[in-house]
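Letter 5 of the sequence shown, counting from 1, is numbered 5 in the numbering used here, and no numbers are missing. Note that beta-carbon positions come from the ideal geometry of N, C-alpha and C, so glycine has one too. Predicted, not measured: the structure shown is a model, and the values here were computed from it. Before any comments, here is the structure.
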Amino acid sequence: MSMTKADLVEAVSQSINVSKREAEVVVNTFLECVVGALNRGEGVELRGFGSFRIRERGPRTGRNPRTGESVEVAPKKVPYFKVGKQLKELINVSN
Numbered sequence: 001m002s003m004t005k006a007d008l009v010e011a012v013s014q015s016i017n018v019s020k021r022e023a024e025v026v027v028n029t030f031l032e033c034v035v036g037a038l039n040r041g042e043g044v045e046l047r048g049f050g051s052f053r054i055r056e057r058g059p060r061t062g063r064n065p066r067t068g069e070s071v072e073v074a075p076k077k078v079p080y081f082k083v084g085k086q087l088k089e090l091i092n093v094s095n
C-alpha cells in the first residue's frame with residue numbers, strides 16, 4: 001500500500017497540530033516549489049532524504065506495438081529522484 005497525498009496531509013496535520021486545510025496548503029506549497037524549481041532547470045536537494053533533478057532524454061526511434069511501424073520519439077525532459085544516503089540507511093535498518 002502506498003501513502004497518498006491525502007494521507008500525507010493527514011500526517012502533517014496531526015504532526016504539527018493544524019487543520020487539514022492548513023496542512024494541505026503546506027503540502028501543496030512544497031510540491032509547487034519542487035515542480036517550479038524543476039521547470040526552471042534547477043535541482044532540489046533535501047539533505048539526508050534525496051534530490052530531484054531533470055534528465056534529458058534524446059530523440060529515438062520507437063516502435064508502435066500495434067502495427068510494428070517505426071515511430072520517431074521526440075526528445076523530452078523527465079523528473080528523476082535520487083535517494084539520499086541517510087534515507088537509504090534508515091530503510092535498510094535490520095528490525
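Does the beta-carbon distance from residue i to residue j come in below 8 Å?
i	j	result
Phe52	Phe30	no
Arg57	Pro75	yes
Arg63	Ser70	yes
My guess is that residue i and residue j are in contact by the Cβ rule of under 8 Å, so how many angstroms apart are they, rounded?
i	j	result
Val26	Val12	6 Å
Of the residues the options, which one's Cα is nearest the Cα of residue i?
i	options	result
Pro79	Gly36, Ile16, Lys85 and Glu10	Gly36
Arg21	Leu90, Cys33, Ala6 and Glu32	Ala6
Val83	Lys77, Gly50 and Ser2	Gly50
Glu42	Ser15, Arg66 and Lys77	Lys77
Helix or strand or just coil, what does DSSP make of residue i?
i	result
Phe30	helix
Val93	coil
Gly36	helix
Glu10	helix
Val78	strand
Arg21	helix
Note down the Cα distance separating residue i from residue j, rounded to an integer number of angstroms.
i	j	result
Lys96	Gly48	There is no way to answer for residue 96, as the model of the chain reaches only from 1 to 95.
Leu46	Glu72	37 Å
Glu10	Asn39	28 Å
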